[in-house]
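The next block holds one structure in the form of structure tokens; read it before the comments.
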Amino acid sequence: MSHELHTLGVAELAALLDSKQVSSVELTKHLLARVAAHESLGAFLAVDEEVALAQAGAADLWRARGIQGAGHRLLGVPIAHKDIFVTRDFPSTAGSKMLADYHSPFDATVVSRLAAAGAVTLGKLNCDEFAMGGSNENSAYRPARNPWDVTRIPGGSSGGSAVAVAARLVPATTGTDTGGSVRQPASLTGVTGIKPTYGRCSRYGMIAFASSLDQAGPMARSALDCAHLLQAMSGFDPRDATSAEQPVPDFVAETTTLRPGASAERPLAGLRIGLPKEFFGEGVAPGVLGTVRAALAELEKLGATLVEVSLPRTELSIPVYYIIAPAEASSNLSRYDGVRYGHRAKSYKDLGEMYRASRSEGFGPEVKRRIMIGTYVLSHGYYDAYYLQAQKLRRMIADDFQAAFKDCDLIAGPVAPTVARPIGSQTDPVAEYLADIFTLPASLAGLPGISVPAGFGEHGMPVGLQLIGNYWQESALLHAGHALQQATDWHRRAPALA
Numbered sequence: 001m002s003h004e005l006h007t008l009g010v011a012e013l014a015a016l017l018d019s020k021q022v023s024s025v026e027l028t029k030h031l032l033a034r035v036a037a038h039e040s041l042g043a044f045l046a047v048d049e050e051v052a053l054a055q056a057g058a059a060d061l062w063r064a065r066g067i068q069g070a071g072h073r074l075l076g077v078p079i080a081h082k083d084i085f086v087t088r089d090f091p092s093t094a095g096s097k098m099l100a101d102y103h104s105p106f107d108a109t110v111v112s113r114l115a116a117a118g119a120v121t122l123g124k125l126n127c128d129e130f131a132m133g134g135s136n137e138n139s140a141y142r143p144a145r146n147p148w149d150v151t152r153i154p155g156g157s158s159g160g161s162a163v164a165v166a167a168r169l170v171p172a173t174t175g176t177d178t179g180g181s182v183r184q185p186a187s188l189t190g191v192t193g194i195k196p197t198y199g200r201c202s203r204y205g206m207i208a209f210a211s212s213l214d215q216a217g218p219m220a221r222s223a224l225d226c227a228h229l230l231q232a233m234s235g236f237d238p239r240d241a242t243s244a245e246q247p248v249p250d251f252v253a254e255t256t257t258l259r260p261g262a263s264a265e266r267p268l269a270g271l272r273i274g275l276p277k278e279f280f281g282e283g284v285a286p287g288v289l290g291t292v293r294a295a296l297a298e299l300e301k302l303g304a305t306l307v308e309v310s311l312p313r314t315e316l317s318i319p320v321y322y323i324i325a326p327a328e329a330s331s332n333l334s335r336y337d338g339v340r341y342g343h344r345a346k347s348y349k350d351l352g353e354m355y356r357a358s359r360s361e362g363f364g365p366e367v368k369r370r371i372m373i374g375t376y377v378l379s380h381g382y383y384d385a386y387y388l389q390a391q392k393l394r395r396m397i398a399d400d401f402q403a404a405f406k407d408c409d410l411i412a413g414p415v416a417p418t419v420a421r422p423i424g425s426q427t428d429p430v431a432e433y434l435a436d437i438f439t440l441p442a443s444l445a446g447l448p449g450i451s452v453p454a455g456f457g458e459h460g461m462p463v464g465l466q467l468i469g470n471y472w473q474e475s476a477l478l479h480a481g482h483a484l485q486q487a488t489d490w491h492r493r494a495p496a497l498a
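Numbering-wise (the UniProt record's numbering), the sequence shown opens with residue 1 and increments by one.
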């Protein structure tokens, strides 16, 4: 059986561990070997076999003592974390040379909660530097490569997280979503990824990009597997001022439980899914559009009703986001001055030169670009003209969603307008920003969104279906995604790797 372990998801592996058909140590060794065999994909930035096997051995010991059940669904299941979460046992670089030698004295809350649930950490995953990017080409170390076609991007910034799941290196990973950085790479690599409502998961120990937008989310093969991780990750954290005191439902149970009035044949009966006309216009590749519409037809077969809605300020989400996010980044990254922590230049004459040299050497071009944009829009004379106006429009974008939700329960559409592009093919940063058009609105509004595999588009590359819910409606998203995955096999398709 060991040669097939990597093909199984979280729920399937948990069942094997519960029945003692496999040990966590055996499973961890198998996946560590697979990570090493596919190192060329660039998914991992750090792996520690000794740490992982120690955690696996502890999980096996707990199981031997009879510890299992609903509170320990992840006990002994190997995962990996995006290198934007600080960890005691692994380096925490945020994909940047600025933090190349940084070792945190504590774990991020998301990391510690998954560890408390028994998950085994194999290592840290590649990402765009400080989570700034949509391709994983902005990593200071190397790009991650899409396992469906290694000449193409996996998306970003959680590109390493998506690659690790898609290539069957681990069954699940953590990511972060600021403007679509869980949903977009999930779509481009054919995996499932959910961005919860802002405040659902603690940001404590998450290296900050844009504090009013950053949110942790799981990535896995299926909606059910994502529910397992989200269950452990969620909950109020007094150490995070943006953490919401919101009850955490049983995501696993609610993902699989039928809606009132539904049946096994029509599990989505009574569900109204809104289709924003702005998501289905020009600019969407024909293969993507056709694949998404085919997935919507499957949802109709399962009992859902499709209704047309409108999100009229969708196009404004791009300028709004690329004012607010860089402004917050400019503030957050000002702490990296080479004094307390972070890269310090080896040669300088005075304090001012040390700051300039350290930050010039430590930050990559995309991070510098966003710092400069953010500093500009926050500067005297421009704050009111740019930043304040963007915040007003952000509120209007959120209001558009609330108007749409009067006519529907969930909103659906593409995740990205195209499939994954070739690595190095995009040199215009503004054109790259435009690829976020369908993920940014939900991020600006703080709403939950999920990407589920919907099939394949141009060049045989994966396409995701995006579902967006109202605040705290993660269960509805997971349930709809699970129903679709029970009726289709797109999420089970795997790239042809050795």
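Built from N, CA and C at the ideal position, the CB exists for glycine as well.
I'd like the list of long-range same chain contacts for Leu316, defined as Cβ closer than 6 Å, with 5 residues on each side in sequence excluded. Taking the first residue of the sequence shown as position 1, residue 316 is located at position 316. Leu393.
How big is the Cα-Cα spacing for Ala33 and Asp83? Numbered from its first residue, the sequence shown carries residue 33 at position 33. Numbered from its first residue, the sequence shown carries residue 83 at position 83. Those two C-alpha atoms are separated by around 21 Å.
Among Glu254, Phe279, Arg272, which one has its Cα closest to the Cα of Ala304? One-based indexing of the sequence shown puts residue 304 at position 304. Among Glu254, Phe279, Arg272, the Cα nearest to that of Ala304 is on Arg272.
Is Gly374 helix, strand or coil by DSSP? Counting from 1 along the sequence shown, the entry for residue 374 is found at position 374. Helix.
Report yes or no: do the region 237 to 249 and the region 350 to 358 share at least 3 C-beta pairs separated by less than 8 Å? no
Could you have a look at Ile273 and say whether DSSP puts it in helix, strand or coil? Start at 1 with the first residue of the sequence shown, and residue 273 comes out as number 273. Ile273: strand per DSSP, three-state reduction.
So, for Pro312: in the same chain, excluding its five sequence neighbours on each side, which residues have a beta-carbon less than 8 Å away from its beta-carbon? Position 312 of the sequence shown, counting from 1, holds the residue named residue 312. These residues qualify, in order along the chain: Glu278, Asp400.
Per DSSP, Cys201 forms a beta bridge with which residues? For the purposes of this step, residue 201 is taken as the residue at position 201 of the sequence shown. The partner list for Cys201 (beta bridge, DSSP) reads Ser234.
Classify Glu39: buried if its beta carbon has 16 or more other beta carbons within 10 angstroms, exposed otherwise. Here residue 39 corresponds to residue number 39 of the sequence shown, with the count starting at 1. By the neighbour-count rule (16 or more Cβ atoms within 10 Å), Glu39 is not buried but exposed.
Given a threshold of 16 other Cβ atoms within 10 Å of its Cβ, counted over all protein chains shown, does Thr121 qualify as buried or as exposed? Taking the sequence shown and counting its residues from 1, one reaches residue 121 at position 121. The residue is buried, with at least 16 neighbouring Cβ atoms inside 10 Å.
Here's the rule I'm using: 16 or more other beta-carbon atoms within 10 Å means buried, otherwise exposed. How should Thr427 be labelled? Position 427 of the sequence shown, counting from 1, holds the residue named residue 427. It counts as exposed.
Separation of Lys29 from Gly352, as counted between CA atoms: Taking the sequence shown and counting its residues from 1, one reaches residue 352 at position 352. Taking the sequence shown and counting its residues from 1, one reaches residue 29 at position 29. Their Cα atoms are separated by approximately 49 Å.
Comparing alpha-carbon positions, which option in Leu45, Ser222, Asp489, Thr174 lies nearest Val10? Walking along the sequence shown from the start, residue 10 turns up at place 10. Closest by alpha carbon: Ser222.
Look at the alpha carbon of Glu298 and the alpha carbon of Ala487, and state the distance between them as a whole number of angstroms. In the sequence shown, counting from the first residue as 1, residue 298 sits at position 298. In the sequence shown, counting from the first residue as 1, residue 487 sits at position 487. Those two C-alpha atoms are separated by around 8 Å.
Are Asn136 and Pro143 touching if we call contact CB-CB under 8 Å? Sequence index remark: in the sequence shown, residue 136 carries index 136 (1-based). Sequence index remark: in the sequence shown, residue 143 carries index 143 (1-based). Result yes, Cβ atoms of Asn136 and Pro143 sit closer than 8 Å.
Got a sec? Which residues, its chain only, sit under 8 Å from Met461 by beta carbon, not counting five neighbours each side? What you label residue 461 is simply residue 461 of the sequence shown in a count that begins at 1. Asn146, Trp148, Asp149, Arg152, Leu188, Val419, Ala420.
Exposed or buried, which one is Arg259 when buried takes at least 16 other CB atoms within 10 Å? Here the question's residue 259 lines up with position 259 in the sequence shown. Around the beta carbon of Arg259, 16 or more other beta carbons sit within 10 angstroms, so the residue counts as buried.
How about Gly364 and Ser96: do their beta carbons lie closer than 8 Å? On the sequence shown, position 364 is the one that residue 364 refers to. On the sequence shown, position 96 is the one that residue 96 refers to. The answer is yes: Cβ separation under 8 Å.
Whose C-alpha, out of Val307, Phe90, Ala140, Glu245, is nearest the C-alpha of Arg200? By one-based count along the sequence shown, residue 200 stands at place 200. Closest option to Arg200, Cα to Cα, is Glu245.
Where residue 500 falls: helix, strand or coil (DSSP): In the structure as shown, the chain begins at 1 and stops at 498. Residue 500 is therefore absent and cannot be evaluated.
Would Ala216 and Thr174 qualify as a contact pair, given that the criterion is a beta-carbon distance under 8 Å? As a first step, residue 216 must be located in the sequence shown, where it is residue number 216. As a first step, residue 174 must be located in the sequence shown, where it is residue number 174. Yes; because the gap between Cβ atoms is below 8 Å, this pair is in contact.
Kindly list the residues whose CB is nearer than 6 Å to the CB of Phe236, restricted to its own chain and excluding five residues on each side of it in sequence; keep chain order. Counted from its first residue, the sequence shown places residue 236 at position 236. Contacts found: Ser243, Glu245.
Please identify the residue among Leu302, Tyr376, Leu74, Ile450 whose C-alpha is closest to the C-alpha of Leu268. As a working note, residue 268 is residue 268 in the sequence shown. Measuring from the Cα of Leu268, the nearest candidate turns out to be Leu302.
Leaving out five residues on either side along the sequence, give the residues of the same chain with a beta carbon under 7 Å from the beta carbon of Gly408. Here residue 408 refers to the residue found at position 408 when the sequence shown is read from its first residue. It should be noted that the sequence gives Cys, not Gly, for residue 408. Taken in chain order, the residues that qualify are Arg272, Ile273, Gly274, Val307, Val309.
Would you tell me roughly how many angstroms separate the C-alpha atoms of Phe130 and Ser139, rounded to the nearest one? Taking the first residue of the sequence shown as position 1, residue 130 is located at position 130. Taking the first residue of the sequence shown as position 1, residue 139 is located at position 139. When rounded, the distance between both Cα atoms is 9 Å.
Any contact between the region 320 to 332 and the region 290 to 297? By contact I mean 3 or more CB pairs, one from each, below 8 Å. no
DSSP state of Pro448, grouped into three classes? Along the sequence shown, one-based indexing puts residue 448 at 448. Looking at Pro448 - three-state DSSP - the assignment turns out to be coil, as it is neither helix nor strand.
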